[in-house]
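First residue of the sequence shown? That's 1 in the UniProt record's numbering, and the numbers climb one at a time after it. Beta carbons: idealized from backbone N, C-alpha and C, even for Gly. Given the structure is predicted, the values throughout are model-derived calculations rather than measurements.
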Amino acid sequence: MAVSNSTDGSHESENERLRLEVEFLRKKLADTQSRPESWKFPVASECDKIKLDNSSHGMDSNGSEVIVNQLSTMKLILATRDDDQMRQDSDVEDDATTKTIIAQLREQLQTLKTDAAQIVRVRDDISGRLKASDIQLKEQIDTSAKRATRVTGLEQRVHEKDKIIDELRAELREFMIEAEELVASQASLSAELEQKDEEMELQMESYAEALRVDTEPAGNMNEGQLDYLHHIVFKYMSGVQQKQLVPVIATILKFTAAEMKAVMPPR
């Protein structure tokens, strides 16, 4: 009888422990109120089943075994629920991370679009500047080409003028040589003429002496005759010959001193 009482006491103690564990699980299940319905019903149905079994078995040894089995089932369900919750939390966290990454990518994409637009503007600006530079360079090349053409033309003209100058210098040298020869020949001719003039003057004087006669001057020439004689002397005689011939003619024609002075050419 004592053994039976001891056994009953241990069963009651075990049943009490199981009841406490059931209460703990019930409190834990209260947290499932905010969870999805698919998680609530399996656990609640198991709890109701445990409660029903406890009342039907009167919490005897067989009832305790049933409770233990049902508690194991409940723990398995709770573990499964916790795993599902962790997976969902992980999915939610991954979702948030994905959204954050997408937001960052969108922001980076917007930044890239802004940078691309700026790059396009810079490219267009540089392209415009390059086109303007090309136009300016072409104008400078055209100007340089025109200047080069003008310079070439001027150089050709200068070359032609230099050629003409060289020809003129050659002609001038030839002329100077000829002039020097002419001057030399004229000097020789002048010396020869001067010598001949002196000889002729001496001859004329001798002729004048030979023709001179001792008679009075006729003095019968009128002004017209004097002008005519003056004209003949100036027209057909030159240089020293006038001086040589006038005395001879005056002597032959018997000029007076005044008439001879009138027809004598100026010195």
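Which of helix, strand or coil DSSP assigns to residue i
| i | result |
| --- | --- |
| residue 256 | coil |
| residue 176 | helix |
| residue 40 | Any reading at residue 40 is ruled out, since the residue's pLDDT is 44, under 50, leaving its predicted position unreliable. |
Residue burial classification, residue i (beta-carbon count within 10 angstroms, cutoff 16)
| i | result |
| --- | --- |
| residue 255 | buried |
| residue 122 | exposed |
| residue 191 | exposed |
| residue 120 | exposed |
| residue 246 | buried |
| residue 198 | exposed |
| residue 139 | exposed |
| residue 259 | buried |
| residue 158 | exposed |
| residue 250 | buried |
| residue 183 | exposed |
| residue 151 | exposed |
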